[in-house]
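Chains C and D, in that order, give the protein sequences.
Numbering follows the numbering used here, with no gaps: position 322 of the first sequence is 322.
Numbering follows the numbering used here, with no gaps: position 365 of the second sequence is 365.
Even for Gly, the Cβ is constructed at its ideal location relative to N, Cα and C.
No experiment lies behind these values; they were computed from the predicted model shown.
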Amino acid sequence: MDLYEAISNSIKRYDFDLVQRLLYTYDVSNIPSILRRFVKVPDVVVQPESVDEVLKILKIAEEFKVPIVPRGAATSAYGGVIPLQGGIVVDFTRMNRFEISKDEKSAIAECGAIWWDIERGANRFGLALRVYPTSAPASTVGGWIAQNGYGVGSLKYGCVGENLEWIEVVDFKGVKRISGRDLRYYIGLNGTTGLIVKACIKLRENRCIRCFAIRSNLLSFDLGNAYHAVFMNREFLKLLNSCFEDVLLLCFEDETDFDGDEKLGKILWDLRFQQLRARREFEIVLSEVVIPYNSIEAFYDEISKMGIALEVVFAKDCAVVFAIIPIRNRFEYYPAILKALKIVSKAEEFGGRPYTTGTFFSHKSHIVYRNFEELLRFKRSVDPQNLLNPGKVFNKNPISRIVEIAERLIA
Amino acid sequence: MKYLEIAKKCIKCNYCFICPTYRFEGWESVSPRGKLQILKELLEGRVKINRRVIEDFYKCSTCGLCEVVCMIDLPLIELWESIRAEFVRKGYAPLELHRKVRDLTYKNYNPYGGIPEKRDEWLHIKPNEKSKVLYFAGCTASFRLQNLAKNSVEVLTKLGIEFNYAGKNEVCCGSPFIRTGQLDLAKMLFEKNYKTWIGMGVETIVTSCPGCYRTIAKDYPKFAKEMGYEYDFEVYHTVMMIERFIKSFDEELEIRATYHDPCHLGRHMGIYDEPRKVIRRLGIDLIEMERSREYSLCCGAGGGLRTQFGDLSFKIGRERIDEAARTGAKYLITACPFCEFHLSKSSEKFNKNIKVLDVVELVNRALK
């Protein structure tokens with residue numbers, strides 16, 4: 001039996017068509033054409049509709065020794081879903097059911113459920129998500145958990161990993177429910193230790209969010225009891241066409257009154273899912289880093305000298321800096337990429353790290369994951385053949401090696 | 001913008017995943033984002049065109065929801081239509097059933113195969129040949145939902161608007177062919193209608209079909225320019241006239257209803273408020289569906305989808321009917337014969353207890 005027969009006999013939704021397979025080699029990132037050769041078109045794309053099918057896919061992967069690349073909506077720009085060794089791309093978007101429990105204040109969602117669908121579902125019960133990504137209208141539960149992302153609400157509630165009761169994971173041994181400290185073996189690991197198929201997400205009371213904008217060029221504020229806080233420099237706001245001064249947006253989940261511009265606050269709040277609108281005008285390169293609070297001001301002072309669009313999202317115990325570097329002509333393309341890398345190395349100088357490893361920074365796992373050695377031992381125990389999203393987190397890959405060389409050059 | 005420029009501009013944010021056909025088909029190749037990537041791959045020579053690609057580009061009702069949610073405002077409706085036209089030019093399309101409709105239209109000047117001489121069979125009011133206002137019934141109202149055509153001219157008459165009508169000289173506006181890329185036929189139909197209207201001294205055109213309205217108001221001026229004709233008509237959908245001229249009704253209809261925005265009236269032409277104002281003035285208790293106005297779900301019939309991919313089209317129709325039923329309304333009002341036809345059929349097919357009506361029919365009922 002070959003791979004085609006094995007898949008077609010066990011899985012309802014699969015596609016071996018070349019054009020289709022090619023479409024599953026993308027995410028939001030634009031890999032430079034010289035590096036695209038390292039992206040390997042998968043052998044097949046499958047769309048499981050149940051955990052049972054996911055188990056069958058893993059069995060086939062093990063039998064044929066082919067890699068598995070889990071994929072949600074591919075709305076991230078770090079290449080976590082890009083196949084680097086071909087294999088089976090598992091598109092989870094058909095596993096998108098969810099249930100809201102009013103009593104438990106939680107949502108039990110399959111990994112392909114869309115964040116904003118859950119929010120709307122929760123709202124019907126007077127509940128709301130505690131945190132959600134700025135790609136919430138289109139991104140999936142599994143995808144964001146596999147990145148351990150920060151987003152709206154992270155100031156009060158932290159990263160997504162801090163807002164989970166449990167997750168259900170499928171690996172070569174079967175299905176398991178994970179909670180507590182063991183979550184660290186899966187969250188933010190790009191599906192390299194198991195495929196996240198379900199999650200129990202903590203919810204909050206749905207209270208009216210009031211937002212206030214404060215025009216200021218300073219980062220050192222008392223963020224008080226805000227639920228969400230984000231600083232946008234004037235270059236960033238220019239790209240959103242909304243304001244031409246540096247602004248701090250403070251959002252509260254109660255009736256807090258605050259001395260700020262509520263009208264502008266509302267406008268900026270409504271634009272929270274539109275970060276990439278800058279692309280209307282020109283091509284862009286993105287960079288995103290996590291910085292400890294004690295060095296955010298110094299780091300910001302340093303990179304703001306670059307004159308680029310910056311957004312700083314304040315989380316519970318760190319700040320996430322998001323940079324948009326515009327490319328106005330083709331000669332600016334590679335310099336923009338180098339600028340993006342420069343931001344990452346600066347972040348490291350200030351005790352920070354890249355937002356996630358994905359494809360581009362898999363050589364930096366020891367910086368991103370403080371318990372890397374422990375994770376590596378775990379990886380070896382659950383995936384001895386390295387079939388789960390190879391080239392990510394636990395191994396370098398040709399693209400990350402080239403990124404590494406480029407980093408040395410700019411250093 | 002050129003094709004490649006548009007395709008390269010796409011940031012792949014996936015906000016367009018709400019595309020109604022993609023929600024059912026599920027494969028990236030049917031999603032707007034996926035199609036933009038295919039386009040890029042095709043134009044950069046990494047993939048070759050094949051039957052599957054062509055079909056996937058036609059699995060789209062050109063409803064325009066993707067354009068509404070596009071963060072970077074890509075002109076997607078125009079893009080999908082232009083690509084289909086390119087496929088037709090290169091001989092990859094029309095697809096079989098679209099070709100069948102094309103053949104019927106070449107023969108009868110309407111896509112339903114109706115006999116041209118019977119086009120005015122529904123007409124029971126004598127038109128005023130001197131009027132400069134033309135009522136354009138369109139093919140669906142002429143051959144399938146004749147009640148709509150009858151109600152429309154009765155309403156015009158009650159409003160005191162004397163209208164002229166082209167009778168058997170009225171031919172299909174060409175909308176189904178523009179949406180499916182068959183511009184040669186669409187232009188031929190334009191020329192026929194245009195010459196008739198000029199001969200009749202028409203200045204204003206009123207139609208009760210959003211497909212015709214969009215085509216006559218938005219596509220015909222482009223054709224005219226390209227073909228060197230002067231084009232100076234005022235074009236209205238019936239509901240716009242009603243909203244303008246009737247501020248209150250003799251009789252109030254005490255029913256609970258929801259309203260379905262036809263894509264060609266709403267997203268394509270920006271007419272959202274007029275039908276709602278008319279419905280409220282009728283005394284109807286209007287309950288909005290979860291998806292309405294620019295975010296409205298398509299009925300599933302447009303863009304050649306119903307013709308070529310009937311099952312898929314009915315899946316969308318069923319979803320819309322279910323959504324309407326969830327409001328608790330017994331009536332689903334729309335302002336498009338094509339939506340009415342497809343949603344009624346969907347309601348029948350899936351045994352749903354909701355009656356689909358055109359707003360013009362209700363207006364006529366309430367006017368003495």
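Is the Cβ of residue i closer than 8 Å to any Cβ of chain C?
i                      : result
residue 311 of chain D : no
residue 17 of chain D  : yes
residue 296 of chain D : no
residue 289 of chain D : no
residue 64 of chain D  : no
residue 25 of chain D  : no
residue 41 of chain D  : yes
residue 38 of chain D  : yes
residue 84 of chain D  : no
Is the CB-CB distance between residue i and residue j below 8 Å?
i                      : j                      : result
residue 358 of chain C : residue 305 of chain C : no
residue 27 of chain C  : residue 79 of chain C  : yes
residue 157 of chain C : residue 130 of chain C : yes
residue 152 of chain C : residue 36 of chain C  : no
residue 285 of chain C : residue 336 of chain C : yes
residue 165 of chain C : residue 211 of chain C : no
residue 163 of chain D : residue 111 of chain D : no
residue 224 of chain D : residue 282 of chain D : no
residue 33 of chain D  : residue 19 of chain C  : no
residue 171 of chain C : residue 143 of chain C : no
residue 11 of chain C  : residue 56 of chain C  : yes
residue 215 of chain C : residue 259 of chain C : no
residue 207 of chain D : residue 216 of chain D : yes
residue 323 of chain D : residue 291 of chain D : yes
residue 325 of chain C : residue 287 of chain C : yes
residue 167 of chain C : residue 202 of chain C : no
residue 302 of chain C : residue 346 of chain C : yes
residue 380 of chain D : residue 278 of chain D : Any question about residue 380 of chain D goes unanswered here, given that chain D covers just 1 to 368.
residue 159 of chain D : residue 213 of chain D : no
residue 133 of chain C : residue 15 of chain D  : no
residue 213 of chain C : residue 264 of chain C : yes
residue 116 of chain C : residue 141 of chain C : no
residue 259 of chain D : residue 333 of chain D : yes
residue 175 of chain C : residue 51 of chain C  : yes
residue 238 of chain D : residue 69 of chain D  : no
Along chain C, in chain order, which residues have C-beta atoms closer than 9 Å to that of residue i?
i                     : result
residue 9 of chain D  : 279, 280, 283
residue 29 of chain D : 15, 17, 19, 20, 23
residue 52 of chain D : 17, 19, 20
So with Cβ pairs under 8 Å, would you call residue i a contact of chain D?
i                      : result
residue 93 of chain C  : yes
residue 147 of chain C : no
residue 13 of chain C  : yes
residue 101 of chain C : no
residue 287 of chain C : no
residue 135 of chain C : yes
residue 47 of chain C  : yes
Could you work out which residues of chain C lie near residue i, taking near to mean beta carbons separated by less than 8 Å?
i                      : result
residue 279 of chain D : Within 8 Å Cβ-Cβ: nothing; residue 279 of chain D doesn't reach chain C, min ~26 Å.
residue 47 of chain D  : 18, 19, 22
In chain D, which residues lie with their C-beta within 7 Å of the C-beta of residue i?
i                      : result
residue 138 of chain C : 13, 14, 15, 17
Interface residues of chain D around residue i at Cβ under 9 Å?
i                      : result
residue 27 of chain C  : 12
residue 274 of chain C : 71
Can you pull the chain A neighbours of residue i, defined as C-beta to C-beta under 8 Å?
i                     : result
residue 74 of chain C : In the displayed structure, chain A is absent; the protein chains listed are C and D.
Is residue i a contact residue of the ligand FAD, with contact defined as CB to any heavy atom under 7 Å?
i                      : result
residue 356 of chain C : For the structure depicted, the ligand FAD is absent and the ligand set is empty, with no information on it obtainable.
Listing by chain order, which chain D residues have their CB less than 8 Å from the CB of residue i?
i                     : result
residue 50 of chain C : Residues of chain D passing the Cβ test: none, with the nearest at roughly 15 Å.
So which residues on chain C does residue i lean against when the C-beta distance must stay under 7 Å?
i                     : result
residue 34 of chain D : 23
Margin query: Report the start-end ranges of each alpha helix (DSSP H) in the region 243 to 286 of chain D that is 4 residues or longer and not cut off at the edges.
Written below: Taking only runs of at least 4 residues, the alpha helix (DSSP H) segments lying wholly in the region 243 to 286 of chain D are 273 to 281.
Check: Do three or more CB pairs link the region 318 to 332 of chain D to the region 213 to 226 of chain D at distances below 8 Å?
Finding: Here the region 318 to 332 of chain D makes no contact with the region 213 to 226 of chain D; the two share fewer than three CB pairs at distances below 8 Å.
Next item on the list: Check whether the region 72 to 79 of chain D touches the region 48 to 57 of chain D, counting contact only when three or more Cβ pairs, one atom from each stretch, lie closer than 8 Å.
Entry: no
Item checked: Sufficient close CB pairs (3 or more, under 8 Å) joining the region 176 to 187 of chain D to the region 83 to 97 of chain D -> yes
Next item on the list: With a floor of 3 residues, list each beta strand (DSSP E) that falls wholly inside the region 165 to 224 of chain D, ordered by position along the chain.
Entry: 204 to 207
Next item on the list: Give a yes or no on contact between the region 140 to 147 of chain D and the region 337 to 351 of chain D, applying the rule of three or more CB pairs nearer than 8 Å.
Entry: yes
Note to self: What ranges does the beta strand (DSSP E) occupy inside the region 33 to 117 of chain C, keeping only unbroken runs of at least 3 residues that lie completely in it?
What the structure shows: 44 to 46, 68 to 71, 88 to 91, 98 to 101, 106 to 110
Check: Can you list, in chain order, the stretches of the alpha helix (DSSP H) that have 4 or more residues and sit fully within the region 113 to 181 of chain C?
Finding: 115 to 123, 141 to 145, 154 to 157
Margin query: Counting beta carbon pairs with one atom in the region 380 to 395 of chain C and one in the region 62 to 76 of chain C, are three or more of them shorter than 8 Å?
Written below: Enough Cβ pairs lie closer than 8 Å, so yes.
Note to self: In chain order, what are the residue ranges of uninterrupted beta strand (DSSP E) at least 3 long that sit wholly in the region 207 to 238 of chain C?
What the structure shows: Runs of the beta strand (DSSP E) inside the region 207 to 238 of chain C: 210 to 215, 228 to 232.
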